[in-house]
Structures are given as structure tokens and as C-alpha cells.
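Enquirer:
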Amino acid sequence: MKKKRTVKHISPTIKKKVKSIAPTAMEYIMLFNTCEIKKEKIAEIDKVIDEKIVVNRNRYEGVSNLVKGGGVNNTSLFGSQPLFQSSYIPFYNRFNTTPATVGSAFNVNPFSNPKSTQDIFASRTADVFSNNFVDNSNVFGLNRDIFSGSTFTNGAGVPWYFIACVHYLECSFSFKKHLHNGDPLTGYTVHVPAHRPKVGHAPPFNFEESAVDAIKLMKYDHVTNWSLPFILLKLEGYNGFGYNRKGIRTPYLWSYSNHYTKGKYVKDGVYDANAVSSQLGAAVILKRMEQRALINIPRN
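Numbering of the sequence shown is given in full-length UniProt numbering, commencing with residue 1 and proceeding in unit increments.
(1) Going by alpha carbons, who is nearest to residue 301 out of Y252, I248, R196, P184?
(2) Buried or exposed for E209, please, with buried defined as at least 16 other CB atoms from any protein chain shown within 10 angstroms of its CB.
(3) In the DSSP assignment, find the unbroken beta strand (DSSP E) run with Y271 in it and report its ends.
(4) Among the candidates R299, L280, I285, whose CA atom is the shortest distance from the CA of V54?
(5) Below 8 Å, how does it come out for the stretch 27-47 and the stretch 263-271: are there three or more Cβ pairs, yes or no?
(6) What residue range is occupied by the uninterrupted beta strand (DSSP E) comprising V212?
(7) Suppose you measure from the CA of H178 to the CA of L280; what does that come to, to the nearest Å?
(8) To which residues does DSSP link S257 through a beta bridge?
(9) Taking the alpha carbon of F207 as the point to measure from, which residue in M218, Y220, T189 has its own alpha carbon closest?
(10) Nearest to M289 by alpha carbon, out of A43, P23, E27, M26?
(11) When burial is assigned at 16 or more other CB atoms within 10 Å of the CB, is D183 buried or exposed?
(12) In the DSSP assignment, the beta strand (DSSP E) including Y220 goes from what residue to what residue?
(13) On the criterion of 16 or more Cβ atoms from any shown chain inside 10 Å, does D50 qualify as buried, or is it exposed?
(14) Under DSSP, the alpha helix (DSSP H) around V55 begins and ends at which residues?
(15) Rank W160, L217, H167 by C-alpha distance to the C-alpha of K198 and give the top, closest one.
(16) Take K60 and list the residues in its own chain whose beta-carbon comes closer than 6 Å to its own, dropping the five residues that flank it on each side.
(17) Could you tell me which residues DSSP puts in a beta bridge with I23?
(18) Hey, how far is the Cα of Y28 from the Cα of G187?
(19) Take K38 and list the residues in its own chain whose beta-carbon comes closer than 7 Å to its own, dropping the five residues that flank it on each side.
(20) Can you say whether T75 is buried or exposed, counting buried as having 16 or more other CB atoms within 10 angstroms of its CB?
(21) Taking the C-alpha atoms as reference points, what is the distance between L272 and K262?
(22) DSSP on V190, reduced to helix/strand/coil?
(23) Here's a check: name, in chain order, each residue in its chain whose Cβ is nearer than 6 Å to the Cβ of K52, leaving out the five neighbours to either side.
(24) Give me the Cα-Cα distance between C171 and N181, rounded to the nearest whole angstrom.
(25) Could you pull out every residue in the same chain whose Cβ sits closer than 7 Å to the Cβ of H167, ignoring the five residues on either side in sequence?
(26) I'd like to check one pair, V276 with L66: are the Cβ atoms closer than 9 Å?
(27) Check whether the Cβ atoms of I21 and R245 sit closer than 9 Å, and answer yes or no.
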């Protein structure tokens with residue numbers, strides 16, 4: 001007589017939820033709002049902002065515009081519109097007038113008759129395939145895109161100040177390095193991500209084409225909501241969230257502020273609780289830029 005086979009019922013394995021070590025959106029906003037920059041560091045921070053970031057705003061905006069436009073091509077490199085032209089529009093340009101200090105240097109007559117509707121539309125061209133609407137009626141001949149990214153900071157492309165912060169974290173503001181990881185532009189990237197950029201030609205590369213490749217590799221060209229929490233999350237992610245496990249705020253964001261005192265990874269996987277970071281935090285840069293009314297980052 002055959003023995004009956006007993007089937008043991010195995011209870012299903014329930015995986016414990018792993019708590020995220022990244023701050024929440026509300027925590028990021030609270031940290032940013034309560035961030036106090038160390039007074040003795042303000043002059044140093046302003047120097048970095050003025051001499052490394054603001055002076056290169058056109059280049060960062062150029063990269064952002066190239067990402068929106070599909071990448072680097074012959075038209076963007078050799079067309080009539082400058083590649084690194086800023087989309088910032090001066091006050092006197094927006095309202096068809098000039099400040100008293102420049103007088104008639106631009107030959108703008110504030111009392112001239114306004115253009116007819118027909119003339120206005122005749123002076124504008126539209127590329128229906130790229131959704132670019134170019135205003136050719138600009139008195140300074142800038143041929144600017146009237147829907148440019150810096151006018152609308154949310155959902156209109158990668159913010160130029162985000163690119164600037166990544167450039168700082170990865171390349172220390174050097175335009176001779178890949179935005180991916182700081183490897184030299186004289187060859188493909190060696191470190192992760194390796195063998196980039198994929199731009200259809202061999203080395204050497206220029207900063208812009210490599211930066212576009214880096215941004216698209218991270219899928220940033222698909223992001224439509226560049227809010228403060230998202231920006232801080234991505235910037236912290238470049239160097240990992242290991243500091244949160246140590247119970248401190250990452251110096252990569254908060255160094256030079258009240259949110260960071262000491263503690264640093266001196267090597268890969270080697271943490272020194274007494275080491276102090278000498279690198280300026282990216283969130284502190286953004287905080288100071290907001291204080292100076294250079295940028296305005298959406299909170300949600």
C-alpha cells in the first residue's frame with residue numbers, strides 16, 4: 001500500500017519594505033528653506049557664482065536648448081543664430097525702449113508707430129517640426145525663440161542652473177571634461193558611464209555635444225517638472241545617498257551651511273567622521289543664487 005504524500009504548505013515570504021534613505025520632497029523643501037549660509041563663506045560663494053556660473057550662463061542655456069532641439073546638428077552649429085546665445089531679454093528690450101544710459105546707441109525710436117498685426121506675423125517664422133517660433137522683429141536682431149526655456153523655468157527644458165551645478169560636481173567647472181563623469185574630452189569616457197558620448201564621430205569632443213549626450217542618457221530631456229525637490233534629489237544622487245545612513249546631511253549639497261558640520265567619505269567606501277568637506281554644496285549655490293534674485297526655483 002502506497003503511503004500518502006504529505007504536502008507542506010509554505011507560507012509566502014513577505015519582503016520587508018526598505019525605507020528610502022533619500023529625503024522626501026517635503027524634507028528637501030524644509031532643508032532648503034531653513035538653510036543658512038555661513039556668513040564667512042558668502043564672499044567665496046559669490047565669487048564662484050559670478051566667475052564660474054553667471055559668466056557661463058549662455059553656454060549652459062545653449063546646452064539646454066540643444067537638448068530641447070534634438071541635439072547638436074549643422075544648423076545649430078553653423079546657422080545664423082548664435083549657438084550660445086542667452087535667452088534672457090533685457091527690460092528695455094522687452095518693452096521696445098532703451099535705458100537712459102545707452103541713449104541712441106541702438107537707434108530705437110520709442111515714438112515710432114506700432115507695427116500692424118500683419119507686419120508682426122510677417123516678421124516671425126515657425127518651424128512646425130521642432131515647435132520653435134522665432135521672433136525676427138527683435139530690435140537687436142537676436143532672433144530669439146519666444147518660447148525659450150529660461151523664461152518659463154518649469155517644464156520647459158533642463159534648467160541652466162541645474163546643468164551648472166552638475167558641471168561643478170562632476171567637472172569642477174572645467175569645459176575640458178565630460179559632463180558624464182569628469183573624464184577628459186580628448187577621448188571617450190573611461191569611468192561609468194564608459195565609452196560615451198555617442199555622437200557619430202571619434203574623439204576629441206566639445207563640451208556641448210558631450211553634455212547633451214550626458215543629459216539624454218539620464219533621460220532628463222523627458223522631465224517636465226523641474227521642481228526644487230527633484231533638482232536636489234538628482235544632484236544628491238550624483239554622489240549617492242550614503243551620508244543619510246551615517247545620520248548626516250550630504251556635504252555635496254549642504255557644505256558651507258548650517259546643515260553640515262563634519263563627516264566625509266575620504267575614499268570610496270571609507271568614511272571619516274571627523275573629516276570636513278572643503279567643497280561648496282550645490283544646494284548652497286542655488287540658495288545663494290535665489291537670495292540674489294538670479295534664479296527662482298519652483299517648489300512643486
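Virtual Cβ for every residue (Gly too), placed ideally from N, Cα, C.
Expert: According to the structure data:
(1) Beyond the ends of the chain as shown, which are 1 and 300, falls residue 301; an answer cannot be given.
(2) Translated into the one-based positions of the sequence shown, residue 209 becomes position 209. By the neighbour-count rule (16 or more Cβ atoms within 10 Å), E209 is buried.
(3) Numbered from 1 along the sequence shown, position 271 holds the residue referred to as residue 271. 270-272 is the extent of the beta strand (DSSP E) around Y271.
(4) As a first step, residue 54 is located in the sequence shown; it is residue number 54 there, counting from the start. V54 has its Cα closest to that of I285, out of R299, L280, I285.
(5) no
(6) Translated into positions along the sequence shown, residue 212 becomes position 212. Here V212 belongs to no beta strand (DSSP E); instead the alpha helix (DSSP H) covers 207-217.
(7) To locate residue 178, count along the sequence shown from 1; it is residue 178. To locate residue 280, count along the sequence shown from 1; it is residue 280. Note on geometry: alpha-carbon atoms of H178 and L280 lie some 20 Å from one another.
(8) The count along the sequence shown starts at 1 and reaches residue 257 at position 257. According to DSSP, S257 bridges with I37.
(9) The residue you call residue 207 lines up with position 207 of the sequence shown. Checked all of M218, Y220, T189; the closest Cα to F207 is T189.
(10) Here residue 289 refers to the residue found at position 289 when the sequence shown is read from its first residue. It is A43 whose Cα lies nearest to the Cα of M289.
(11) Within the sequence shown, the letter at position 183 stands for residue 183. Counting Cβ neighbours within 10 Å, D183 comes out buried, since at least 16 surround it.
(12) Within the sequence shown, numbered from 1, the residue matching residue 220 stands at position 220. Where Y220 is concerned, there is no enclosing beta strand (DSSP E), given that its DSSP letter is neither H nor E.
(13) On the sequence shown, position 50 is the one that residue 50 refers to. Counting Cβ neighbours within 10 Å, D50 comes out exposed, since fewer than 16 surround it.
(14) In the sequence shown, counting from the first residue as 1, residue 55 sits at position 55. That residue, V55, is in no alpha helix (DSSP H); it is neither H nor E in DSSP.
(15) Locating residue 198 in the sequence shown gives position 198, where the first residue counts as 1. Comparing Cα positions, the closest option is L217.
(16) As a first step, residue 60 must be located in the sequence shown, where it is residue number 60. Checking the displayed sequence, the identity of residue 60 turns out to be Tyr instead of Lys. If we look at Y60 and ignore the five residues flanking it on each side, its Cβ neighbours are W160, I163, A164.
(17) To locate residue 23, count along the sequence shown from 1; it is residue 23. Reading off the sequence, residue 23 comes out as Pro, not Ile. DSSP, once it has assigned bridges, lists no residue as partnering P23.
(18) Here the question's residue 28 lines up with position 28 in the sequence shown. Here the question's residue 187 lines up with position 187 in the sequence shown. Roughly 37 Å between the two C-alpha positions.
(19) Taking the sequence shown and counting its residues from 1, the one referred to as residue 38 is at position 38. Answer for K38: Y256, S257, listed in chain order.
(20) Locating residue 75 in the sequence shown gives position 75, counting from the first residue. In this predicted model, T75 has a pLDDT of only 40, less than 50, meaning its place in the structure is not dependable; the value taken from the coordinates is given anyway. It is exposed - the Cβ of T75 has fewer than 16 other Cβ atoms within 10 Å.
(21) Numbered from 1 along the sequence shown, position 272 holds the residue referred to as residue 272. Numbered from 1 along the sequence shown, position 262 holds the residue referred to as residue 262. The question names Leu, but residue 272 is Asp in the sequence shown. Taking the straight line from one Cα to the other gives about 9 Å.
(22) One-based indexing of the sequence shown puts residue 190 at position 190. V190 falls in the coil class under three-state DSSP.
(23) Stepping through the sequence shown from its first residue, residue 52 is reached at position 52. The residues are F173.
(24) Numbered from its first residue, the sequence shown carries residue 171 at position 171. Numbered from its first residue, the sequence shown carries residue 181 at position 181. Their Cα atoms are separated by approximately 7 Å.
(25) Translated into positions along the sequence shown, residue 167 becomes position 167. Taken in chain order, the residues that qualify are F173, L179.
(26) Translated into the one-based positions of the sequence shown, residue 66 becomes position 66. Translated into the one-based positions of the sequence shown, residue 276 becomes position 276. Taking 9 Å as the Cβ cut-off, L66 and V276 do not qualify as a contacting pair.
(27) Position 21 of the sequence shown, counted from the start, is the residue given in the question as residue 21. Position 245 of the sequence shown, counted from the start, is the residue given in the question as residue 245. Against a cut-off of 9 Å, the Cβ pair of R245 and I21 comes out as a contact.
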